[in-house]
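Asker: Okay, handing you the structure first.
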Amino acid sequence: MSFFFGPEPVEGKVDVVACVFNVKKRSWKAGIQVVVEVSSSQLLAIERRIQLPDQLAKSLVAVEAQERSGYHERSGDVFAQAVCRWKLDLQLLPGLTKNTQRIPAGELMVELEQAISKEPQHLISYVLDELGLAT
C-alpha cells in the first residue's frame, strides 16, 4: 500500500477531506485506488484527544521561529494522511475487494477512535517523524 495524494476537499461534502491510496495484493495483477474520507470535526476531535498541538509545540522549541509556521501548515496535512491511513488499515482487516473503493467519512468512526485511543503515541510519533521532528 502506498500513499498517492491528499488530503483534498471532497466535492459536495462540506468539511470532509479525502486521501487516496494505491493498494495492491500479491494475488492481484494490478492495484486499486482507495479514497479514504474523514471529517474535519473528527480530525479536530482526535487531534485534541491525543494532544497533538502540545506535542508539536514541544518539538518546535528547537526550530527557528520563522520556520515554525511551515511546520504547523504541513502538520495538518500529515496528520490527516495518518488518520486516513489508519482508517484504511481498519478496512483492510476484514478484507478489500478488487475494485476502486471509497471509505466514507461516516464509516469506521467508532473503530478508528478506539484504535487511536489504544495507541495515541503511534499517531503522534508518525506525524513528528514525517515532519523531521522526532527525537
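The sequence shown begins at 89 in my numbering and counts up one residue at a time.
Ideal Cβ placement from N, Cα and C applies to all residues, glycine included.
#1: How far does the alpha helix (DSSP H) with E218 in it extend, from its first residue to its last?
#2: Out of L216, K117 and L181, which has the shortest C-alpha to C-alpha gap to A203?
#3: Would you say G94 and V105 are within 8 angstroms of each other, going by their C-beta atoms?
#4: Would you list the one or two residues that DSSP bridges to I191?
#5: When you compare the CB positions of S147 and L221, do they come within less than 8 angstroms of one another, or not?
#6: Here's the rule I'm using: 16 or more other beta-carbon atoms within 10 Å means buried, otherwise exposed. How should Q169 be labelled?
#7: Hey, which unbroken runs of the beta strand (DSSP E) at 3 residues or more fall wholly within the region 97-185?
#8: With a Cβ-Cβ cutoff of 8 angstroms, do L192 and E99 count as a contact?
Answerer: Straight from the coordinates:
#1: Position 130 of the sequence shown, counted from the first residue, corresponds to residue 218. Start and end: P208 to E218.
#2: Looking up residue 203 in the sequence shown gives position 115. Closest by alpha carbon: L181.
#3: Locating residue 94 in the sequence shown gives position 6, where the first residue counts as 1. Locating residue 105 in the sequence shown gives position 17, where the first residue counts as 1. Yes, these two residues count as a Cβ contact at 8 angstroms.
#4: Sequence index remark: in the sequence shown, residue 191 carries index 103 (1-based). Paired residue(s): V124.
#5: On the sequence shown, residue 147 is found 59 positions in, with the first residue counted as 1. On the sequence shown, residue 221 is found 133 positions in, with the first residue counted as 1. Result yes, Cβ atoms of S147 and L221 sit closer than 8 angstroms.
#6: Within the sequence shown, the letter at position 81 stands for residue 169. Its Cβ being crowded by 16 or more others within 10 Å, Q169 is buried.
#7: 104-111 and 120-127
#8: Counting from one through the sequence shown, the residue named residue 192 turns up at place 104. Counting from one through the sequence shown, the residue named residue 99 turns up at place 11. Per the sequence presented here, residue 192 reads as Pro, with Leu not at that position. Not a contact, by the Cβ cut-off of 8 angstroms.
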